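For reference, the structure is listed below as structure tokens.
In this note's numbering, the protein residues as written are -5 to 119.
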């Protein structure tokens, strides 16, 4: 992923309504939701919702499909996973093995950022 793509995604999600829409569509899964359902759930006027949906589609965060006279929206999860990969690919200076939990063998963010204990002299400086 390029930096400009990540910036476009973050700019799109910087609106509280857009973030709510995206999270709702993630929860809806592959079924997605039609615009009317989204408007009802979030209590957003249709004209206002249309503006926000257009911005999310433009950022490629949503996929839209025509169903008769309705538009069904779905979260573009591969793009979000790509963003997460982009943000974390340099974790632990590229040594991802440091982020693996010795107990479970799975990625564990608490393993990534464990800092060594400071001695009392180091803490004072």
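Think of the CB as a built atom: it goes at the ideal place given N, C-alpha and C, for glycine as much as any other residue. Nothing here was measured: the structure is a model prediction, and the numbers come from that model.
- For residue 30, the closest alpha carbon among the candidates 44, 55 and 85 is that of 44.
- Between residue 55 and residue 33, the beta carbon gap of about 18 angstroms keeps them out of contact (Cβ cut-off 8 angstroms).
- The continuous alpha helix (DSSP H) containing residue 17 extends over residues 10 to 22.
- When rounded, the separation of the alpha-carbon atoms in residue 0 and residue 78 is 10 angstroms.
- The C-beta separation of residue 52 from residue 11 comes to about 15 angstroms, leaving the pair out of contact by the 8 angstroms criterion.
- Annotation for residue 53: no beta strand (DSSP E) segment contains it, and DSSP assigns it neither H nor E.
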